[in-house]
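Mapping of the sequence shown onto my numbering: residues 1 to 439, in sequence order.
Worksheet: one structure, shown below.
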Amino acid sequence: MNIAVIGTGYVGVSTSVSFAKWGHDVVGVDVDEHKIKLLEAGTPPFYEEGLEDELQMLRKNGKLSFTTSLEEAVAGSEILYVTVGTPSDADGVADLSYVRAVIRQIGTVMNAYRLVVVKSTVPVGTTDEVRRIIRAELENRGVNFSFDVASNPEFLREGRALEDALSPERIVIGCESPKAIRMLRQIYEEVSSPVLCTTIRNAEMIKYASNAFLATKISFVNELARLCERTGADIADVARGMGMDSRIGFKFLNAGIGYGGSCFPKDVKALIRLGGEHGISMQLLQKVQEVNQTQVTWFMGKVKNRLHDLAGKRIAILGLTFKPNTDDIREAPALRVIPLLLERQAVISAYDPKGTIHTKPIFTDIDYADSPYEAVRGADAILLLTEWPEILEMDWRQVKQLASGPFLFDARNALDPQQMHALGFQYMGIGRHAAFDGR
(Lines of atoms letter the chains of each structure in order from A and count residues from 1; the text may use other names and numbers.)
(Lines give C-alpha, C1' and ligand atoms only; values in the text may rest on other atoms or scores of the structure.)
Protein backbone atom coordinates (compact mmCIF):
# COMPACT_ATOMS: atom_id res chain seq x y z
CA MET A 1 0.00 0.00 0.00
CA ASN A 2 1.05 3.62 -0.45
CA ILE A 3 1.33 5.30 2.94
CA ALA A 4 2.29 8.82 4.01
CA VAL A 5 3.55 9.31 7.57
CA ILE A 6 3.28 12.96 8.53
CA GLY A 7 5.75 13.90 11.25
CA THR A 8 9.28 12.52 11.40
CA GLY A 9 9.85 12.47 15.10
CA TYR A 10 10.41 9.40 17.23
CA VAL A 11 7.06 7.78 16.42
CA GLY A 12 6.96 8.86 12.78
CA VAL A 13 10.36 7.50 11.77
CA SER A 14 9.94 4.22 13.66
CA THR A 15 6.49 3.75 12.13
CA SER A 16 7.74 4.59 8.63
CA VAL A 17 10.57 2.08 8.85
CA SER A 18 8.29 -0.71 10.10
CA PHE A 19 5.69 -0.12 7.36
CA ALA A 20 8.41 -0.07 4.69
CA LYS A 21 9.94 -3.28 6.12
CA TRP A 22 6.57 -4.96 5.63
CA GLY A 23 6.69 -4.11 1.94
CA HIS A 24 4.60 -0.94 1.78
CA ASP A 25 5.71 2.16 -0.12
CA VAL A 26 6.14 4.87 2.50
CA VAL A 27 6.86 8.57 2.32
CA GLY A 28 7.72 10.51 5.45
CA VAL A 29 6.69 14.16 5.59
CA ASP A 30 7.97 17.03 7.71
CA VAL A 31 8.22 20.82 7.43
CA ASP A 32 11.69 20.70 8.97
CA GLU A 33 14.05 20.72 5.97
CA HIS A 34 17.05 19.82 8.16
CA LYS A 35 15.32 16.67 9.41
CA ILE A 36 14.34 15.65 5.90
CA LYS A 37 17.91 16.10 4.64
CA LEU A 38 19.21 13.91 7.46
CA LEU A 39 16.62 11.23 6.77
CA GLU A 40 17.26 11.29 3.03
CA ALA A 41 20.92 10.65 3.87
CA GLY A 42 19.87 7.69 6.01
CA THR A 43 20.50 9.37 9.36
CA PRO A 44 17.69 9.49 11.96
CA PRO A 45 17.41 12.78 13.91
CA PHE A 46 17.56 10.89 17.21
CA TYR A 47 19.32 7.83 18.59
CA GLU A 48 17.57 4.47 18.49
CA GLU A 49 19.56 1.27 18.31
CA GLY A 50 19.38 -0.45 14.92
CA LEU A 51 17.28 2.26 13.31
CA GLU A 52 20.00 3.84 11.17
CA ASP A 53 20.92 0.56 9.45
CA GLU A 54 17.30 -0.21 8.61
CA LEU A 55 16.70 3.34 7.42
CA GLN A 56 19.65 3.24 5.04
CA MET A 57 18.63 -0.14 3.62
CA LEU A 58 15.04 0.97 2.97
CA ARG A 59 16.23 4.21 1.38
CA LYS A 60 18.44 2.23 -1.00
CA ASN A 61 15.71 -0.21 -2.09
CA GLY A 62 13.25 2.62 -2.66
CA LYS A 63 10.58 1.53 -0.19
CA LEU A 64 11.03 4.63 1.98
CA SER A 65 11.39 8.26 0.91
CA PHE A 66 11.04 11.66 2.57
CA THR A 67 9.71 15.03 1.50
CA THR A 68 8.70 18.45 2.79
CA SER A 69 5.74 18.56 0.37
CA LEU A 70 2.55 17.44 2.09
CA GLU A 71 0.61 17.98 -1.13
CA GLU A 72 2.78 15.52 -3.05
CA ALA A 73 2.58 12.96 -0.24
CA VAL A 74 -1.22 13.21 0.01
CA ALA A 75 -1.62 12.95 -3.77
CA GLY A 76 0.38 9.72 -3.91
CA SER A 77 -0.84 7.93 -0.77
CA GLU A 78 -4.01 6.01 0.07
CA ILE A 79 -3.47 6.20 3.83
CA LEU A 80 -2.24 9.24 5.74
CA TYR A 81 -0.78 8.62 9.19
CA VAL A 82 -0.53 11.62 11.54
CA THR A 83 2.39 11.24 13.96
CA VAL A 84 3.15 14.82 15.00
CA GLY A 85 3.85 15.74 18.62
CA THR A 86 1.18 16.57 21.19
CA PRO A 87 3.10 18.08 24.13
CA SER A 88 1.19 19.09 27.24
CA ASP A 89 1.32 22.36 29.14
CA ALA A 90 1.74 22.75 32.90
CA ASP A 91 -1.96 22.01 33.47
CA GLY A 92 -1.90 18.82 31.42
CA VAL A 93 -3.68 20.24 28.39
CA ALA A 94 -2.47 18.52 25.23
CA ASP A 95 -1.26 20.94 22.57
CA LEU A 96 -3.14 19.84 19.45
CA SER A 97 -1.99 22.73 17.30
CA TYR A 98 0.34 20.52 15.22
CA VAL A 99 -2.39 17.93 14.68
CA ARG A 100 -4.95 20.54 13.68
CA ALA A 101 -2.51 22.27 11.32
CA VAL A 102 -1.72 19.00 9.53
CA ILE A 103 -5.40 18.04 9.25
CA ARG A 104 -6.31 21.43 7.78
CA GLN A 105 -3.56 21.05 5.20
CA ILE A 106 -4.81 17.58 4.31
CA GLY A 107 -8.30 18.99 3.80
CA THR A 108 -6.99 21.72 1.50
CA VAL A 109 -5.03 19.37 -0.80
CA MET A 110 -7.00 16.10 -0.71
CA ASN A 111 -8.18 15.21 -4.23
CA ALA A 112 -9.69 11.74 -3.76
CA TYR A 113 -10.71 9.27 -1.05
CA ARG A 114 -8.18 9.07 1.75
CA LEU A 115 -8.01 7.27 5.07
CA VAL A 116 -6.62 9.59 7.76
CA VAL A 117 -5.17 7.74 10.75
CA VAL A 118 -4.19 9.47 13.98
CA LYS A 119 -1.26 7.71 15.65
CA SER A 120 -0.28 10.71 17.81
CA THR A 121 -1.38 10.45 21.44
CA VAL A 122 -4.48 12.65 21.63
CA PRO A 123 -7.30 13.26 24.14
CA VAL A 124 -10.51 11.29 23.74
CA GLY A 125 -12.66 12.92 21.08
CA THR A 126 -9.80 14.39 19.03
CA THR A 127 -10.28 12.09 16.06
CA ASP A 128 -13.92 13.18 15.88
CA GLU A 129 -12.61 16.74 15.64
CA VAL A 130 -10.30 15.62 12.84
CA ARG A 131 -13.32 14.49 10.86
CA ARG A 132 -15.04 17.85 11.36
CA ILE A 133 -11.96 19.83 10.29
CA ILE A 134 -11.52 17.85 7.07
CA ARG A 135 -15.19 18.14 6.21
CA ALA A 136 -15.11 21.90 6.80
CA GLU A 137 -12.04 22.31 4.57
CA LEU A 138 -13.65 20.30 1.79
CA GLU A 139 -16.82 22.37 2.04
CA ASN A 140 -14.74 25.56 1.81
CA ARG A 141 -13.27 24.24 -1.42
CA GLY A 142 -16.69 23.27 -2.76
CA VAL A 143 -15.73 19.60 -3.17
CA ASN A 144 -17.17 16.45 -1.65
CA PHE A 145 -14.51 13.72 -1.61
CA SER A 146 -15.27 10.81 0.69
CA PHE A 147 -12.82 10.00 3.48
CA ASP A 148 -12.50 7.98 6.66
CA VAL A 149 -10.72 8.64 9.93
CA ALA A 150 -9.29 6.17 12.42
CA SER A 151 -7.21 5.95 15.58
CA ASN A 152 -4.25 3.55 15.63
CA PRO A 153 -2.26 4.44 18.78
CA GLU A 154 1.42 3.58 19.15
CA PHE A 155 2.88 1.64 22.06
CA LEU A 156 6.59 2.18 21.47
CA ARG A 157 9.20 2.01 24.20
CA GLU A 158 12.11 4.36 23.69
CA GLY A 159 15.25 2.30 23.32
CA ARG A 160 13.20 -0.53 21.81
CA ALA A 161 11.03 1.43 19.42
CA LEU A 162 12.07 -0.42 16.28
CA GLU A 163 11.55 -3.78 17.96
CA ASP A 164 8.12 -2.69 19.20
CA ALA A 165 7.12 -1.23 15.83
CA LEU A 166 8.07 -4.39 13.97
CA SER A 167 6.69 -6.85 16.55
CA PRO A 168 3.94 -5.05 18.50
CA GLU A 169 2.37 -6.84 21.46
CA ARG A 170 -1.03 -5.72 20.20
CA ILE A 171 -2.54 -3.59 17.47
CA VAL A 172 -5.44 -1.34 18.41
CA ILE A 173 -7.63 -0.04 15.58
CA GLY A 174 -10.32 2.49 16.40
CA CYS A 175 -12.63 2.85 13.43
CA GLU A 176 -16.29 2.47 12.45
CA SER A 177 -15.79 2.11 8.68
CA PRO A 178 -15.56 -1.49 7.36
CA LYS A 179 -13.59 -0.25 4.33
CA ALA A 180 -11.05 1.56 6.52
CA ILE A 181 -10.71 -1.42 8.86
CA ARG A 182 -9.92 -3.68 5.89
CA MET A 183 -7.25 -1.23 4.73
CA LEU A 184 -5.67 -1.04 8.18
CA ARG A 185 -5.71 -4.82 8.56
CA GLN A 186 -3.94 -5.04 5.22
CA ILE A 187 -1.12 -2.83 6.55
CA TYR A 188 -0.53 -5.30 9.39
CA GLU A 189 -1.18 -8.55 7.48
CA GLU A 190 2.51 -9.56 7.81
CA VAL A 191 2.30 -9.24 11.60
CA SER A 192 1.06 -12.03 13.88
CA SER A 193 0.16 -9.70 16.75
CA PRO A 194 -3.39 -9.76 18.15
CA VAL A 195 -5.65 -7.04 16.74
CA LEU A 196 -8.38 -5.24 18.65
CA CYS A 197 -10.92 -3.39 16.50
CA THR A 198 -12.96 -0.99 18.58
CA THR A 199 -14.43 2.50 18.51
CA ILE A 200 -12.28 5.55 17.95
CA ARG A 201 -12.86 6.87 21.47
CA ASN A 202 -11.99 3.51 23.01
CA ALA A 203 -8.72 3.42 21.06
CA GLU A 204 -7.81 6.93 22.18
CA MET A 205 -8.52 6.02 25.81
CA ILE A 206 -6.59 2.73 25.62
CA LYS A 207 -3.36 4.62 24.93
CA TYR A 208 -3.73 6.96 27.89
CA ALA A 209 -4.99 4.22 30.19
CA SER A 210 -2.09 1.90 29.34
CA ASN A 211 0.59 4.47 30.10
CA ALA A 212 -1.18 5.68 33.25
CA PHE A 213 -1.41 2.13 34.59
CA LEU A 214 2.29 1.46 34.00
CA ALA A 215 3.14 4.77 35.69
CA THR A 216 0.97 3.65 38.61
CA LYS A 217 3.01 0.45 39.02
CA ILE A 218 6.22 2.49 39.07
CA SER A 219 4.99 4.98 41.66
CA PHE A 220 3.54 2.18 43.78
CA VAL A 221 6.83 0.31 43.99
CA ASN A 222 8.76 3.54 44.60
CA GLU A 223 6.52 4.49 47.50
CA LEU A 224 6.79 0.94 48.83
CA ALA A 225 10.59 1.22 48.61
CA ARG A 226 10.53 4.16 51.01
CA LEU A 227 8.63 2.01 53.50
CA CYS A 228 11.03 -0.89 52.99
CA GLU A 229 13.95 1.32 54.01
CA ARG A 230 12.21 2.27 57.25
CA THR A 231 11.14 -1.28 58.12
CA GLY A 232 14.34 -3.15 57.17
CA ALA A 233 12.80 -4.94 54.21
CA ASP A 234 14.45 -5.12 50.77
CA ILE A 235 12.32 -3.84 47.88
CA ALA A 236 14.17 -6.03 45.37
CA ASP A 237 13.03 -9.24 47.04
CA VAL A 238 9.62 -7.80 47.85
CA ALA A 239 9.06 -6.87 44.20
CA ARG A 240 10.38 -10.25 43.08
CA GLY A 241 7.88 -12.02 45.32
CA MET A 242 5.06 -9.80 44.06
CA GLY A 243 5.98 -10.35 40.43
CA MET A 244 5.76 -14.13 40.80
CA ASP A 245 2.01 -13.64 41.01
CA SER A 246 0.82 -13.86 37.39
CA ARG A 247 -1.89 -11.29 38.15
CA ILE A 248 0.83 -8.74 38.94
CA GLY A 249 3.84 -9.70 36.81
CA PHE A 250 7.46 -8.56 37.05
CA LYS A 251 7.45 -5.65 34.59
CA PHE A 252 7.58 -2.08 35.90
CA LEU A 253 8.20 -3.19 39.48
CA ASN A 254 11.78 -1.93 39.63
CA ALA A 255 12.18 0.72 42.31
CA GLY A 256 14.16 3.74 41.25
CA ILE A 257 14.22 7.50 40.97
CA GLY A 258 10.92 7.81 39.08
CA TYR A 259 9.60 7.68 35.55
CA GLY A 260 10.42 10.23 32.87
CA GLY A 261 10.48 10.51 29.11
CA SER A 262 7.98 11.91 26.66
CA CYS A 263 4.97 9.70 27.47
CA PHE A 264 4.28 8.77 31.08
CA PRO A 265 4.50 12.27 32.64
CA LYS A 266 2.34 13.98 30.03
CA ASP A 267 -0.15 11.14 29.65
CA VAL A 268 -0.79 10.88 33.40
CA LYS A 269 -1.20 14.65 33.54
CA ALA A 270 -3.52 14.62 30.53
CA LEU A 271 -5.74 11.90 32.00
CA ILE A 272 -6.04 13.80 35.27
CA ARG A 273 -6.97 16.89 33.29
CA LEU A 274 -9.52 14.98 31.20
CA GLY A 275 -11.12 13.63 34.35
CA GLY A 276 -11.42 17.13 35.77
CA GLU A 277 -13.08 18.37 32.59
CA HIS A 278 -15.74 15.69 33.00
CA GLY A 279 -16.21 16.13 36.76
CA ILE A 280 -14.22 13.03 37.73
CA SER A 281 -11.46 13.45 40.31
CA MET A 282 -8.65 11.09 39.31
CA GLN A 283 -7.39 10.74 42.87
CA LEU A 284 -5.24 7.67 42.32
CA LEU A 285 -3.42 9.22 39.36
CA GLN A 286 -2.94 12.44 41.30
CA LYS A 287 -1.10 10.40 43.95
CA VAL A 288 0.88 8.58 41.25
CA GLN A 289 2.02 11.95 39.95
CA GLU A 290 2.83 13.22 43.45
CA VAL A 291 4.98 10.20 44.31
CA ASN A 292 6.89 10.55 41.06
CA GLN A 293 7.45 14.27 41.56
CA THR A 294 8.79 13.76 45.09
CA GLN A 295 10.98 10.73 44.35
CA VAL A 296 13.94 12.82 43.24
CA THR A 297 13.64 15.03 46.34
CA TRP A 298 13.47 11.95 48.54
CA PHE A 299 16.53 10.46 46.82
CA MET A 300 18.49 13.70 47.18
CA GLY A 301 17.61 13.68 50.86
CA LYS A 302 19.61 10.45 51.12
CA VAL A 303 22.55 12.15 49.40
CA LYS A 304 22.47 15.18 51.73
CA ASN A 305 22.13 13.00 54.83
CA ARG A 306 25.35 11.18 53.93
CA LEU A 307 27.46 13.99 52.53
CA HIS A 308 26.07 16.80 54.72
CA ASP A 309 27.62 19.97 53.31
CA LEU A 310 27.83 19.58 49.51
CA ALA A 311 29.76 22.80 48.89
CA GLY A 312 32.95 21.98 47.04
CA LYS A 313 32.21 18.25 46.97
CA ARG A 314 32.87 16.57 43.62
CA ILE A 315 29.85 14.56 42.52
CA ALA A 316 30.01 12.17 39.56
CA ILE A 317 26.73 11.68 37.71
CA LEU A 318 26.56 8.54 35.60
CA GLY A 319 23.69 8.78 33.14
CA LEU A 320 21.75 11.82 31.93
CA THR A 321 18.97 10.35 29.76
CA PHE A 322 15.71 9.22 31.32
CA LYS A 323 16.50 5.59 30.39
CA PRO A 324 19.29 3.70 28.57
CA ASN A 325 19.49 3.17 24.80
CA THR A 326 18.02 6.56 23.93
CA ASP A 327 19.29 10.13 23.73
CA ASP A 328 16.02 11.49 25.18
CA ILE A 329 16.44 13.68 28.28
CA ARG A 330 12.79 14.78 28.51
CA GLU A 331 11.69 14.59 32.16
CA ALA A 332 14.97 12.81 32.99
CA PRO A 333 15.77 12.73 36.74
CA ALA A 334 19.17 14.26 36.00
CA LEU A 335 17.45 17.50 34.98
CA ARG A 336 16.21 17.86 38.55
CA VAL A 337 19.20 16.36 40.36
CA ILE A 338 21.78 18.67 38.76
CA PRO A 339 20.11 21.97 39.81
CA LEU A 340 19.75 20.70 43.39
CA LEU A 341 23.46 19.90 43.49
CA LEU A 342 24.45 23.22 41.92
CA GLU A 343 22.30 25.12 44.43
CA ARG A 344 24.45 23.59 47.15
CA GLN A 345 27.65 24.50 45.29
CA ALA A 346 28.67 20.96 44.44
CA VAL A 347 31.20 20.40 41.64
CA ILE A 348 29.69 18.06 39.05
CA SER A 349 31.28 15.76 36.51
CA ALA A 350 28.84 13.88 34.25
CA TYR A 351 28.93 11.08 31.71
CA ASP A 352 26.31 9.74 29.31
CA PRO A 353 27.04 7.97 26.01
CA LYS A 354 24.19 9.68 24.12
CA GLY A 355 22.56 12.40 26.20
CA THR A 356 25.44 14.83 26.71
CA ILE A 357 24.75 16.70 23.47
CA HIS A 358 21.31 17.67 24.83
CA THR A 359 22.36 18.60 28.37
CA LYS A 360 25.38 20.73 27.47
CA PRO A 361 23.26 23.72 26.35
CA ILE A 362 21.20 23.48 29.56
CA PHE A 363 23.99 23.05 32.12
CA THR A 364 27.07 24.89 30.96
CA ASP A 365 28.82 24.99 34.35
CA ILE A 366 29.44 21.28 34.87
CA ASP A 367 32.24 19.06 33.55
CA TYR A 368 31.33 16.54 30.86
CA ALA A 369 33.52 13.46 30.73
CA ASP A 370 34.31 11.38 27.66
CA SER A 371 34.21 8.15 29.64
CA PRO A 372 32.60 6.97 32.89
CA TYR A 373 36.05 6.40 34.38
CA GLU A 374 36.99 10.01 33.72
CA ALA A 375 33.76 11.14 35.36
CA VAL A 376 34.39 9.27 38.63
CA ARG A 377 38.04 10.31 38.99
CA GLY A 378 38.41 12.21 42.27
CA ALA A 379 34.68 12.05 43.03
CA ASP A 380 33.53 12.30 46.63
CA ALA A 381 30.33 10.52 45.65
CA ILE A 382 28.88 8.74 42.61
CA LEU A 383 25.24 9.02 41.56
CA LEU A 384 24.12 6.35 39.10
CA LEU A 385 21.04 7.82 37.42
CA THR A 386 20.75 5.82 34.18
CA GLU A 387 21.56 2.14 33.86
CA TRP A 388 23.50 2.22 30.58
CA PRO A 389 25.26 -1.14 29.93
CA GLU A 390 28.66 0.56 29.61
CA ILE A 391 28.15 2.01 33.09
CA LEU A 392 26.95 -1.19 34.75
CA GLU A 393 29.77 -3.18 33.13
CA MET A 394 32.52 -0.91 34.45
CA ASP A 395 35.36 -2.38 36.49
CA TRP A 396 33.98 -1.23 39.81
CA ARG A 397 37.17 -2.18 41.63
CA GLN A 398 38.94 0.36 39.43
CA VAL A 399 36.13 2.84 40.02
CA LYS A 400 36.66 2.52 43.78
CA GLN A 401 40.36 3.30 43.30
CA LEU A 402 39.67 6.32 41.08
CA ALA A 403 37.06 7.90 43.35
CA SER A 404 38.09 9.90 46.40
CA GLY A 405 35.06 9.00 48.50
CA PRO A 406 33.26 5.70 49.18
CA PHE A 407 29.70 6.88 48.56
CA LEU A 408 27.78 5.19 45.74
CA PHE A 409 24.12 6.14 45.28
CA ASP A 410 22.36 3.73 42.93
CA ALA A 411 19.14 5.42 41.85
CA ARG A 412 18.19 2.47 39.63
CA ASN A 413 18.99 -0.48 41.92
CA ALA A 414 21.05 -1.73 39.00
CA LEU A 415 24.14 -2.90 40.90
CA ASP A 416 24.68 -5.78 43.33
CA PRO A 417 24.73 -4.29 46.86
CA GLN A 418 26.78 -7.16 48.30
CA GLN A 419 29.42 -6.85 45.59
CA MET A 420 29.64 -3.07 45.97
CA HIS A 421 29.85 -3.40 49.75
CA ALA A 422 32.66 -5.96 49.40
CA LEU A 423 34.60 -3.53 47.20
CA GLY A 424 34.49 -0.95 49.96
CA PHE A 425 31.68 1.29 48.72
CA GLN A 426 29.09 2.73 51.04
CA TYR A 427 26.31 1.62 48.72
CA MET A 428 22.88 3.22 48.91
CA GLY A 429 20.13 2.00 46.65
CA ILE A 430 16.38 2.55 46.66
CA GLY A 431 14.64 0.57 49.38
CA ARG A 432 17.51 -1.91 49.70
CA HIS A 433 18.29 -3.92 52.82
CA ALA A 434 20.12 -1.90 55.48
CA ALA A 435 22.85 -4.54 55.77
CA PHE A 436 24.10 -3.56 52.34
CA ASP A 437 23.14 0.10 52.50
CA GLY A 438 26.23 1.41 54.24
CA ARG A 439 24.53 1.69 57.60
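Heads up, the beta-carbon is just placed ideally off N, CA and C, and yes, glycines get one too.
Computed from a prediction, not measured in an experiment: that's the story for all the values here.
Taking just the CA atoms, how far does THR356 sit from GLU457? Since the first and last residues shown for the chain are 1 and 439, residue 457 lies out of range.
Presumed contact (8 Å Cβ cut-off) between THR68 and ILE36, rounded CB distance: 5 Å
By DSSP, does SER177 sit in helix, in strand, or in coil? coil
Start and end residues, alpha helix (DSSP H) containing THR297: 283-307
Measuring straight from C-alpha to C-alpha, what distance separates VAL5 and VAL17? 10 Å
Status (buried if at least 16 other CB within 10 Å, exposed otherwise) for ALA411: buried
Proximal residues to ILE206 (C-beta, below 7 Å), its chain only, five neighbours per side dropped: PRO153 and VAL172
Is the separation between the beta-carbon of GLU440 and that of SER193 shorter than 8 Å? The first residue shown for the chain is 1 and the last is 439, placing residue 440 beyond what the model contains.
Exposure of ASP95, with buried meaning 16 or more beta-carbon neighbours within 10 Å: exposed
In the DSSP assignment, the beta strand (DSSP E) including ARG132 goes from what residue to what residue? Element bounds for ARG132: not the beta strand (DSSP E) but the alpha helix (DSSP H), 126-141.
Assuming GLY260 contacts ARG330 under a Cβ cut-off of 8 Å, what Cβ separation, rounded to an integer in Å, is found between them? 7 Å
Selected residue, minimal CA-CA separation from VAL109, among PHE213, GLU129 and PHE147: PHE147
Residues of its chain near LEU460, where Cβ-Cβ distance is below 8 Å and the 5 sequence neighbours each way are ignored: There is simply no residue 460 to check, as the chain begins at 1 and stops at 439 in what is shown.
Using alpha carbons as the reference points, say which of GLY28, ARG306, ASN2 and ARG100 lies closest to GLY76. ASN2
Between the CA atoms of GLN401 and GLY42 - distance to the nearest angstrom: 43 Å
Spatial neighbours of ARG397 within its chain, please: C-beta separation below 7 Å, excluding the five flanking residues on both sides. LEU423
Can ILE348 and ILE366 be called in contact, C-beta distance under 8 Å? yes
Could you say which of ASP327, VAL122, LYS360 and VAL221 lies nearest to SER88 if we only look at CA atoms? VAL122
Applying the 10 Å Cβ sphere with the 16-neighbour rule, what's the burial state of GLU223? buried
Start-to-end residues for the alpha helix (DSSP H) that takes in ILE329: Run containing ILE329: none; DSSP gives neither H nor E here.
Report yes or no: do the region 125-141 and the region 214-222 share at least 3 C-beta pairs separated by less than 8 Å? no
Whether ILE257 touches VAL296 by CB criterion (8 Å): yes
Which runs of the alpha helix (DSSP H), 4 residues or longer, sit entirely within the region 13-94? 33-40, 51-60 and 70-75
For GLU374, tell me which candidate among CYS197, PHE145 and VAL399 has the shortest Cα-Cα distance. VAL399
Which whole runs of the alpha helix (DSSP H) in the region 153-237 are 4 residues long or more, in chain order? 161-166, 178-187 and 200-231
Span of the beta strand (DSSP E) holding TYR427? 426-428
Return the first residue and the last residue of the alpha helix (DSSP H) that LEU423 is part of. Run containing LEU423: none; DSSP gives neither H nor E here.
To which residues does DSSP link ASP365 through a beta bridge? None, per the DSSP bridge assignment.
Whole-angstrom distance between ASP395 and ASN254, CA atom to CA atom: 24 Å
Closest residue to VAL27 among ILE430, VAL74, ILE200 and PRO45 (Cα-Cα distance): VAL74
So, with DSSP's three-state summary, where would you put PHE145? coil
Does VAL116 pass the burial test, meaning 16 or more other C-beta atoms within 10 Å, or should it be called exposed? buried
Do the region 136-144 and the region 280-300 make contact, defined as three or more Cβ pairs closer than 8 Å? no
Please check the pair THR198 and LYS119, which I expect to be a contact at CB under 8 Å, by giving their CB distance rounded to whole angstroms. About 15 Å separates the two Cβ atoms, so there is no contact after all.
Rounded to the nearest angstrom, what separates THR231 and ALA239 at their Cα positions? 15 Å
Where does ILE489 land, buried or exposed, given buried means 16+ other C-beta within 10 angstroms? Absent from the model: residue 489. The displayed extent of the chain is 1 to 439, so no value can be given.
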